[in-house]
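Heads up: the structure comes next, in structure tokens.
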Amino acid sequence: MKRYIGIGIFLLIISSLLFHGAITLGIGKTNNPQPGFVPFLLGLIIAVCSLALIASSVKNLPSALPEKRPLLTTRTALILCALLLFGLFVEKGGFFVCTFLITISFLKINGIRKWSTVLVTAILASIGIFIIFNILLRIRLPLGILEP
Amino acid sequence: MSDLLYGFSICLQPANLLYCFLGVLMGTLVGVLPGIGPPGVLALLIPVTGNLPPESAVIMLCGITYGAQYGGSTTSILVNIPGEPTSIITCIEGYQMARKGRAGPALGISAMGSYIAGTLCIFGLILFAPILSGFALKFGPPEYFSLMVFSFSILIFMAGGTMLKGTIMATLGVTLGVIGLDPTAGVNRFSYNIPSLMDGIGIVQVAIGLYGVSEILVSLETYVKGEIYEKRIKGLLPTLQDWKDSIFPILRGTGIGFILGAIPGIGVILPPFLAYGVEKKLSKDPSKFGTGVIEGVASPEAANNAAAAGTLIPVLSLGIPTGASSAIVLGALMIYGVRPGPLLIVEAPQVFWGVVASLYVGNIMLLILNLPLIGVWVRLIQTPYKFLSAFILLFCLIGSYGISLSANDVIVMTVFGLVGYIAKKTHFELTPMIIGLILGPMLENALRRSLIISNGRFDIFFTRPVSLIFAGITIIFLSYVLLTKKRLTGMRGED
Numbered sequence: 586m587k588r589y590i591g592i593g594i595f596l597l598i599i600s601s602l603l604f605h606g607a608i609t610l611g612i613g614k615t616n617n618p619q620p621g622f623v624p625f626l627l628g629l630i631i632a633v634c635s636l637a638l639i640a641s642s643v644k645n646l647p648s649a650l651p652e653k654r655p656l657l658t659t660r661t662a663l664i665l666c667a668l669l670l671f672g673l674f675v676e677k678g679g680f681f682v683c684t685f686l687i688t689i690s691f692l693k694i695n696g697i698r699k700w701s702t703v704l705v706t707a708i709l710a711s712i713g714i715f716i717i718f719n720i721l722l723r724i725r726l727p728l729g730i731l732e733p
Numbered sequence: 003m004s005d006l007l008y009g010f011s012i013c014l015q016p017a018n019l020l021y022c023f024l025g026v027l028m029g030t031l032v033g034v035l036p037g038i039g040p041p042g043v044l045a046l047l048i049p050v051t052g053n054l055p056p057e058s059a060v061i062m063l064c065g066i067t068y069g070a071q072y073g074g075s076t077t078s079i080l081v082n083i084p085g086e087p088t089s090i091i092t093c094i095e096g097y098q099m100a101r102k103g104r105a106g107p108a109l110g111i112s113a114m115g116s117y118i119a120g121t122l123c124i125f126g127l128i129l130f131a132p133i134l135s136g137f138a139l140k141f142g143p144p145e146y147f148s149l150m151v152f153s154f155s156i157l158i159f160m161a162g163g164t165m166l167k168g169t170i171m172a173t174l175g176v177t178l179g180v181i182g183l184d185p186t187a188g189v190n191r192f193s194y195n196i197p198s199l200m201d202g203i204g205i206v207q208v209a210i211g212l213y214g215v216s217e218i219l220v221s222l223e224t225y226v227k228g229e230i231y232e233k234r235i236k237g238l239l240p241t242l243q244d245w246k247d248s249i250f251p252i253l254r255g256t257g258i259g260f261i262l263g264a265i266p267g268i269g270v271i272l273p274p275f276l277a278y279g280v281e282k283k284l285s286k287d288p289s290k291f292g293t294g295v296i297e298g299v300a301s302p303e304a305a306n307n308a309a310a311a312g313t314l315i316p317v318l319s320l321g322i323p324t325g326a327s328s329a330i331v332l333g334a335l336m337i338y339g340v341r342p343g344p345l346l347i348v349e350a351p352q353v354f355w356g357v358v359a360s361l362y363v364g365n366i367m368l369l370i371l372n373l374p375l376i377g378v379w380v381r382l383i384q385t386p387y388k389f390l391s392a393f394i395l396l397f398c399l400i401g402s403y404g405i406s407l408s409a410n411d412v413i414v415m416t417v418f419g420l421v422g423y424i425a426k427k428t429h430f431e432l433t434p435m436i437i438g439l440i441l442g443p444m445l446e447n448a449l450r451r452s453l454i455i456s457n458g459r460f461d462i463f464f465t466r467p468v469s470l471i472f473a474g475i476t477i478i479f480l481s482y483v484l485l486t487k488k489r490l491t492g493m494r495g496e497d
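Chains A and B, in that order, are what the protein sequence lines are. Quick note on this note's numbering: the first sequence kicks off at 586 and runs consecutively. Quick note on this note's numbering: the second sequence kicks off at 3 and runs consecutively.
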């Protein structure tokens, strides 16, 4: 239940951003709706729904069972961080180097222990992607640090 | 008929045959993988279709759709893991058939039932799509707005979870659609001077995140290794008795699936369940259902494929998706520069009739291609999930990056992977969000234009007959839900 209260508060923040943006853009009138008109309505709907969500959660809080597992597990957080780092470094480091590293990360996060298996899989994956994209499909993925 | 022949002439061109074949192959290959359903498969493979001419891209996309559905059925029958809600019924009966040593006929009737359904649905499409398109040509902004609101209300109710959560997700989806350039005034909205947001949020990146990344993240926590059927699969051709038992269920499932699939908001989830329920009701011995009866596979599989064909009617004729898969197909059509709607048949007949013909061609390819490759799919399923999930995530990365070779797309995919993950764990449905993202700009445009036409009066939605019908049905439906308090909030007991 506490999760829903948290989600409700997050949605209230979204609705306030929508209200602020709508007023800045200009709401206009119903016979001449401006760019902020629909965002204002959306903010209103989200605000009402988030208050309903919070109210319903608070009402049911005493009878709710305690949450057994965390919302975000360590494995999920690590995978998402790996994906984010890939996005941040792919253009500098190069697609294939980053693919190699992220494949190692995924396999290790998933619990593959043998380094030989991990490294061979990562190398094969990177080479396979290079062959498919750069050679067969002729899509030039960035080479990054491998650029001659 | 001449239009259908024109469609076949498009579809049977060697290049388009190849694309259809590749679509069916890739769709089945990815669809077989546990933990990823047809929407995820479509989202992952859309970037592959990016450089093709529109009619070829759409034909390949249709092939991917049919392949993904069949792939999901294969996993259900052989591993007893439903990748999608639509595969649950196939799990119940199909896996029981496999345990009895009848995996071959289960897989065979699944493919053949889908082929029969796809073939029959061509006639439905030929008949109804042009009629609906002609009717929709008379639609103005108020009619479109009311229709979209009607679709959303049904979708939110049908999508699962509670209506409050569905409304939140739909509204968030529409909000995402608002980000970027306002088409009327030309001002940037909610982009906060971030260049990648100025063009709006990409549908494919969001879909890959929501349906690809998040599904894998959740699957890694909840994956239960199914009992893989490991005996040699034989007898893929159903026997005469199997045909006698299956033919009428297939026909009934086709009718149920096609009609329900064409209703905006119903989509493909309900038809297999309803078809199964009908067969059980009509059976002389309902108690045998659940023990592995072939009609329990034939009818839902036919309904599944027919519903997918039925969803093409509102997608192609009105530009309104009925579920997650059709929403992603609609998004893809827009990326290809094809404008789905009443003018599609006139402006791009090669696309429309090519899609209709691909229903037949794609399903033939499924029969020819997939049944002999069953052994390959079994070996693929037997790959440890630790490796499979890593490769699927890699595939998601390549798919999102390959759209426009931009790292920002990977970041968007990751963010929505997190959003989808949290949504699944807190029982928020994703379908309303993706449909909101796609329909949001159209909804806003229709609302603003309606208000300008009516000089600011909202009664325009109730004074025009067609708009009044849609608005009236929506109000009656929502009143019923409010009065009976069906699944409004339902917070208690959900955690």
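No residue lacks a Cβ here, since even glycine has one placed at the ideal position from N, Cα and C. Remember, it's a predicted structure, so these values are computed and weren't measured experimentally.
Using the C-alpha atoms, what's the distance from residue j back to residue i?
i        : j        : result
B:GLY115 : B:PRO288 : 21 Å
A:THR702 : A:ILE708 : 10 Å
B:TYR387 : B:GLY279 : 33 Å
B:ALA309 : B:LEU346 : 21 Å
B:THR121 : A:GLY678 : 50 Å
B:ALA264 : B:THR169 : 22 Å
B:LEU139 : B:LEU318 : 13 Å
B:GLY343 : B:GLY74  : 30 Å
A:GLY613 : A:ALA607 : 10 Å
B:ILE181 : B:LEU127 : 35 Å
B:ASP497 : B:LYS283 : For B:ASP497, the pLDDT reaches just 33, beneath the cut-off of 50, and the residue's location in the model is therefore unreliable, leaving the point undetermined.
B:ASN372 : B:PRO132 : 33 Å
A:CYS634 : B:PHE479 : 19 Å
B:ASN306 : A:ILE599 : 38 Å
B:LYS246 : B:GLY404 : 48 Å
B:VAL151 : B:ILE455 : 19 Å
B:ILE462 : B:MET165 : 27 Å
B:VAL468 : B:ALA108 : 45 Å
B:MET62  : B:PHE354 : 13 Å
A:SER642 : A:LEU602 : 23 Å
B:LEU35  : B:LEU382 : 8 Å
B:LEU7   : B:GLU223 : 50 Å
B:SER301 : B:GLY294 : 13 Å
A:ILE712 : B:THR67  : 29 Å
For residue i, count neighbouring C-beta atoms within 10 Å of its own C-beta (all shown protein chains included) and say buried if the count is 16 or more, exposed if not.
i        : result
A:ILE592 : buried
B:THR416 : buried
A:CYS666 : exposed
B:TYR213 : buried
B:GLY495 : Note that B:GLY495 scores 37 on pLDDT, short of 50, meaning its location in the model is unreliable and no value can be drawn from it.
B:ASP411 : buried
B:MET493 : Here B:MET493 scores only 40 on pLDDT, less than 50, and its place in the model is too uncertain to base an answer on.
A:GLY696 : exposed
B:ALA17  : exposed
B:ILE118 : buried
B:GLY269 : buried
B:TYR72  : buried
B:GLN207 : buried
B:ARG254 : buried
B:GLU349 : exposed
B:LEU219 : buried
B:LYS426 : buried
B:TRP379 : buried
Looking only at DSSP bridge pairs, what is residue i linked to?
i        : result
A:PRO618 : A:GLY613
B:ASN190 : B:LEU183
Just reading off the alpha helix (DSSP H) that residue i is part of, what are its end residues?
i        : result
B:LYS140 : First-last for B:LYS140: undefined, no H or E at that position.
B:VAL358 : 351-367
B:TYR72  : 56-81
A:THR684 : 680-694
B:LYS102 : Careful: B:LYS102 lies outside any alpha helix (DSSP H) and carries neither H nor E.
B:SER402 : 387-406
B:TYR423 : 409-427
A:MET586 : Here A:MET586 belongs to no alpha helix (DSSP H), and DSSP marks it neither H nor E.
B:ASN447 : 433-455
B:GLN207 : 205-209
B:LEU335 : 326-337
Every unbroken alpha helix (DSSP H) within the stretch 249-305 of chain B, with a cutoff of 4 residues, ordered by chain: 272-284
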